[in-house]
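Numbering (the working numbering), first residue to last: 1 to 133. Positions of the beta carbon are idealized from the N, C-alpha and C atoms, including for glycine. Small disclaimer: the values here were computed from a predicted structure and weren't measured.
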Ligand SMILES: Nc1ncnc2c1ncn2[C@@H]1O[C@H](COP(=O)(O)OP(=O)(O)OP(=O)(O)O)[C@@H](O)[C@H]1O
Ligand SMILES: [Mg+2]
């Protein structure tokens, strides 16, 4: 039984797929239904950003174990245009897409750890983890 999955992201249906796979992995890892929903929401946000701003990429979902605690790690990676100002992108309400600008800061709030790495012209990588309570 595999506890890691790579979901290619290119269109709306892939976002739904990543969301569902994340929820299933979270359930298998022992997350409560409410936390499964939070994880699915965070996955949707980073997957949607790939579709909107990078065109395509991947979302990797993995159950992790560290020092006796279990969690779910989510890595969203793309080779898109990258983000010029990462600090600005993490601010509530900042959007270059005429959207709400709440995706990244919202995902950060839902998770226990969150890292955004981006290089203009190279791509973007969001790494986030949530631990079981
Ligand atoms: N994968 C990415 N590649 C390039 N730029 C990105 C990527 N993800 C986010 N961004 C940039 O960061 C900004 C903020 O992202 P965020 O998800 O917080 O808001 P949004 O997508 O604009 O709006 P919302 O998520 O609320 O619909 C985006 O407007 C975009 O400029
Ligand atoms: Mg977004």
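Segment limits, alpha helix (DSSP H) that includes residue 106:
103-110
Could you tell me if residue 84 is buried or exposed, where buried requires 16 or more neighbouring beta carbons within 10 angstroms of its beta carbon?
exposed
Which residue marks the beginning of the beta strand (DSSP E) containing residue 96, and which one marks its end?
Per DSSP, residue 96 belongs to no beta strand (DSSP E) and is neither H nor E.
Integer-rounded CB distance, given that residue 112 should sit under 8 Å from residue 96:
In fact, because the Cβ distance is near 28 Å, the residues do not count as touching under 8 Å.
Who are the near neighbours of residue 72 in its chain, counting only those whose CB is closer than 8 Å to its CB and skipping five residues on each side?
22, 25, 26, 29, 31, 39, 61, 62, 63, 64, 129 and 130
Roughly how far, in whole angstroms, is the beta-carbon of residue 45 from the beta-carbon of residue 106, given that I think they are within contact range, below 8 Å?
6 Å
So for residue 25, helix, strand or coil by DSSP?
helix
Identify, in the order they occur along the chain, each residue of the same chain with its Cβ nearer than 7 Å to the Cβ of residue 17, setting aside the five sequence neighbours on each side.
7
So what does DSSP say about residue 51, is it helix, strand or coil?
helix
Can you determine whether any heavy atom of ligand 2 sits closer than 6 Å to the C-beta of residue 103, and answer yes or no?
yes
Could you pull out every residue in the same chain whose Cβ sits closer than 6 Å to the Cβ of residue 69, ignoring the five residues on either side in sequence?
131
Keeping to the same chain, check which residues put their C-beta closer than 6 Å to that of residue 3; ignore five residues upstream and five downstream.
63
According to DSSP, simplified to helix, strand and coil, what is residue 1?
Residue placement at residue 1 is flagged as unreliable, the pLDDT there being 44, under the threshold of 50; the coordinate-derived value follows with that caveat. Note: residue 1 maps to coil in three-state DSSP.
Go ahead and pull the three-state DSSP assignment for residue 15.
helix
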